[in-house]
Amino acid sequence: MTFWTYRRRDNLVGYLFVAPALLGSLAFVLFPLAMVAWYSLNEWNVLGGTFEFIGGENYARLLADEKLRDSLVATAWFAAGLVVLNLSLALLLAVLLNQKLRGTTLFRTLFFSPVLVSLVAWTLVWQLMLQPEGSVNGLLGVFGIDGPNWLRGETTAMVSVVVVQVIKNVGLNMVLFLAALQGVPAPLYEAAKIDGAGPWTRFRRITIPLISPTILLTSIITIVGSLQVFAQIAVLTQGGPGTSTTVLIYYLYQQAFQFHHFGYGATISVLLFVIVAALTLLQWRMRRKWVLHES
Amino acid sequence: MSRKVWLYGLLCLLCVPFVFPTWWMVTSSMKPISEIFSESLLPSEWTFSTYETVFRMQPFGQQYWNSLYIAVIVTAGTMAVAALAGYAFARIRFPGQNVLFVVVLTGLLIPSEVTIVPLFQMFQSFGMTNTHWPLIIVPIFGAPCVLAIFIMRQFFIALPPELEEAARMDGLGRAGIFYRIALPLSRPALGAVAIFTFLHSWNLYLEPIVYLSTPDMFTLPQALTQFVDIYGGPMWNVQLAAATMTAVPILVVFVLAQRQFIEGLAHTGVKG
Chain C
0 MTFWTYRRRD
10 NLVGYLFVAP
20 ALLGSLAFVL
30 FPLAMVAWYS
40 LNEWNVLGGT
50 FEFIGGENYA
60 RLLADEKLRD
70 SLVATAWFAA
80 GLVVLNLSLA
90 LLLAVLLNQK
100 LRGTTLFRTL
110 FFSPVLVSLV
120 AWTLVWQLML
130 QPEGSVNGLL
140 GVFGIDGPNW
150 LRGETTAMVS
160 VVVVQVIKNV
170 GLNMVLFLAA
180 LQGVPAPLYE
190 AAKIDGAGPW
200 TRFRRITIPL
210 ISPTILLTSI
220 ITIVGSLQVF
230 AQIAVLTQGG
240 PGTSTTVLIY
250 YLYQQAFQFH
260 HFGYGATISV
270 LLFVIVAALT
280 LLQWRMRRKW
290 VLHES
Chain D
0 MSRKVWLYGL
10 LCLLCVPFVF
20 PTWWMVTSSM
30 KPISEIFSES
40 LLPSEWTFST
50 YETVFRMQPF
60 GQQYWNSLYI
70 AVIVTAGTMA
80 VAALAGYAFA
90 RIRFPGQNVL
100 FVVVLTGLLI
110 PSEVTIVPLF
120 QMFQSFGMTN
130 THWPLIIVPI
140 FGAPCVLAIF
150 IMRQFFIALP
160 PELEEAARMD
170 GLGRAGIFYR
180 IALPLSRPAL
190 GAVAIFTFLH
200 SWNLYLEPIV
210 YLSTPDMFTL
220 PQALTQFVDI
230 YGGPMWNVQL
240 AAATMTAVPI
250 LVVFVLAQRQ
260 FIEGLAHTGV
270 KG
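So the sequences go chain by chain: C and D.
Per numbering that gives the first Met the number 0, the first sequence runs over residues 0 to 294.
Per numbering that gives the first Met the number 0, the second sequence runs over residues 0 to 271.
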């Protein structure tokens with residue numbers, strides 16, 4: 000027997016194959032994450048050139064920071080609005096496109112197209128359309144409605160940011176739902192029909208349980224994605240008016256790169272990481288309760 | 000019959016917010032500035048001067064090239080790294096495999112914004128700020144690649160192993176099996192990975208504005224917000240012309256290949 004048995008060579012190939020991804024994870028994910036934790040224990044002002052260990056002070060500041068509390072509230076509203084609107088619209092579109100109808104491919108293409116429009120371009124266009132004299136109010140005017148200055152009111156600014164984001168990305172979830180709907184066996188519906196179940200009952204008792212894995216997957220991706228919405232906020236509202244759309248990620252950007260408080264910025268990063276990790280793990284645990292079966 | 004009419008009506012109505020912004024972006028970029036807020040669907044007179052202004056105000060050609068070449072390199076690099084790692088995690092048994100997989104997967108839990116401060120420091124100490132290196136290296140090897148690795152792994156797990164076993168009987172080594180057999184079969188998954196990696200890179204906004212500081216280094220999303228007049232007010236029709244040039248080529252490619260596009264993404268079961 001030579002030293003280089005098939006198994007040994009296989010191990011070596013395995014390590015070589017995962018090496019780029021592994022080294023990348025260490026250098027660009029885990030090492031920076033450890034650094035973030037370290038920075039968060041220091042007072043670090045880039046402009047002032049100061050860097051000193053202050054222990055838990057940044058965390059104490061975090062707890063007392065009213066702007067952070069506003070920001071968490073804005074983040075929660077944004078995430079909740081986005082997930083509810085995105086998933087229900089995606090499901091509605093998928094159900095409509097799943098009907099036996101000519102031209103659904105065309106409609107599918109149209110609903111999907113915003114996904115491919117460059118994010119900043121899409122946001123700029125909506126910024127103009129949401130101006131007081133813009134197209135949205137122009138359209139409302141046709142129906143005799145006097146539209147508000149969307150991006151300048153606290154509630155309307157939040158609604159605008161959510162809607163702009165939903166229309167941009169709902170096509171992705173729609174496509175996933177459509178694939179899931181097409182995987183539901185037709186005989187189930189036939190049997191339910193014979194038993195006298197109406198369309199709504201069939202939808203609730205057959206469709207929803209059978210596509211629940213997709214609902215879970217899309218809700219995880221959408222919630223985690225909602226915590227990373229930066230460009231839309233930066234272009235549309237810059238977090239305003241007031242702090243009404245300053246979601247956590249935008250607050251982090253302001254603290255670190257506008258006010259140059261890298262230490263405090265790192266503390267907010269730790270918070271963001273904890274939230275994302277907790278939500279993801281929670282949803283994976285809920286999988287057992289929620290989801291009828293795993294494909 | 001009436002049900003059909005009702006369905007079509009609903010679909011057309013729902014289409015409006017999806018289609019109108021793109022239509023409005025393209026047509027308004029050719030309107031004189033005075034007509035930007037007029038209700039007309041088409042310009043009363045067509046002007047292309049906005050398109051010249053785009054190139055006069057910014058090194059837009061250079062910026063276009065920056066975005067394009069970065070996205071292409073990132074896409075190719077991610078496909079390579081993800082295919083290799085995905086295959087190894089799915090097919091090869093080696094000691095410590097599960098631990099290493101968990102280490103890589105943590106990237107899924109970490110939004111790239113969380114690590115932006117230390118990464119900025121790291122690249123600054125290498126003298127790599129205001130270069131494109133951070134925009135290329137981090138997506139290929141860092142957190143954005145993890146989803147791609149996951150997709151490739153799921154694909155290879157689902158692939159029947161018989162072909163590879165036959166090749167092994169014929170004396171092909173592991174690397175040969177991967178390159179000659181598994182990789183060519185993984186085209187659908189690689190296609191999905193390519194699509195969302197390209198879009199992710201093309202749309203990147205926070206990273207460029209953090210790392211890049213001179214207009215000739217800017218990428219497109221960053222450049223789009225730079226069209227302001229001498230008073231700092233946005234020049235809307237010029238922005239729209241630049242936005243049109245950013246968005247339309249990708250839309251055209253999509254419409255031409257939309258079936259492969261959408262079905263590729265749907266069957267992967269994960270979105271980017």
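We treat Cβ as the ideally placed atom computed from N, Cα and C, and that holds for glycine.
Keep in mind the model is a prediction, meaning the values are calculated, not measured.
- Ranked by Cα distance from W235 (chain D), the first of D:F36, D:R90, D:I148, D:Q153 is D:F36.
- Listed along chain D, no residue sits closer than 9 Å to Y263 (chain C) by beta-carbon distance, the nearest being about 10 Å off.
- Straight across, the Cα-Cα distance linking L109 (chain C) with L96 (chain C) is about 12 Å.
- Under the Cβ criterion of 8 Å, A59 (chain C) is not counted among the residues facing chain D.
- A Cβ-Cβ distance of about 11 Å is found for the pair T46 (chain D) and V237 (chain D), leaving them out of contact under the 8 Å criterion.
- In terms of beta-carbon proximity, E112 (chain D) lines the interface with chain C, with at least one pair separated by less than 8 Å.
- Bounds of any beta strand (DSSP E) do not take in F2 (chain C), whose DSSP letter is neither H nor E.
- In the structure shown, the three-state DSSP call for N148 (chain C) is coil.
- With respect to the 8 Å criterion, V80 (chain D) and C144 (chain D) are classified as neighbours on the basis of their beta carbons.
- DSSP, read as helix, strand or coil, puts E132 (chain C) in coil.
- DSSP, reduced to helix, strand and coil, places P159 (chain D) outside both helices and strands of the structure shown, so it counts as coil.
- For E112 (chain D), there is no enclosing beta strand (DSSP E), since its DSSP letter is neither H nor E.
- By the 16-neighbour rule on beta-carbons within 10 angstroms, F149 (chain D) is buried.
- Among the residues of chain D, those whose CB is under 7 Å from the CB of I248 (chain C) are E112, following chain order.
- The continuous alpha helix (DSSP H) containing F106 (chain C) extends over residues 103 to 111.
- When C-beta atoms of the segment 108 to 128 of chain D are compared with those of the segment 262 to 281 of chain C, three or more pairs fall below 8 Å, so the two segments count as touching.
- DSSP, read as helix, strand or coil, puts V246 (chain C) in coil.
- According to the DSSP assignment, N41 (chain C) belongs to the beta strand (DSSP E) that extends over 41 to 44.
- The alpha helix (DSSP H) runs of length 4 or more contained entirely in the segment 151 to 202 of chain D are, from start to end of the chain, 161 to 168, 173 to 176, 186 to 202.
- Apart from sequence neighbours up to five positions away, the residues of its chain that approach T218 (chain D) with a beta-carbon distance below 6 Å are N65, S66, P207, ordered along the chain.
- For F177 (chain D), same chain residues with a beta-carbon under 6 Å away, outside a window of 5 residues either side, are Y86 in chain order.
- For V72 (chain C), the closest Cβ of chain D is not nearer than 8 Å.
- Considering only C:R204, C:K66, C:I193, the residue with the shortest C-alpha distance to Y250 (chain C) is C:K66.
- W201 (chain D) reaches chain C at S117, counting residues in chain order whose Cβ is nearer than 7 Å.
- Chain order gives the chain D residues near R8 (chain C) as G172, R173, where near means a beta carbon separation below 8 Å.
- Contact of W5 (chain D) with chain C is not assigned, every C-beta pair being separated by 8 Å or more.
- Of all residues in the segment 25 to 47 of chain C, only L25, A26, F27, V28, L29, F30, P31, L32, M34, V35, Y38 place a beta-carbon less than 8 Å from a beta-carbon of chain D.
- When Cβ-Cβ separations below 8 Å define contact, I166 (chain C) makes contact with chain D.
- Cβ proximity to chain C below 8 Å picks out W235, Q238, L239 from the segment 225 to 239 of chain D.
- If you draw a straight line from the Cα of N148 (chain C) to the Cα of T103 (chain C), it comes to about 36 Å.
- Closest in C-alpha terms to F229 (chain C), from the list C:T266, C:Y38, C:P198, C:Q164, comes C:Q164.
- Residues S134, V135 of the same chain have their beta carbon placed closer than 8 Å to that of M128 (chain C), with the five preceding and five following residues left out of the count.
- With a threshold of 8 Å between beta carbons, P187 (chain D) makes no contact with chain C.
- Your pair I180 (chain D) and E163 (chain D) checks out as a contact, with CB atoms roughly 5 Å apart and the cut at 8 Å.
- Look at F119 (chain D) here: in three-state DSSP terms it is helix.
- Between P58 (chain D) and N10 (chain C), the gap from beta carbon to beta carbon reaches 8 Å or more.
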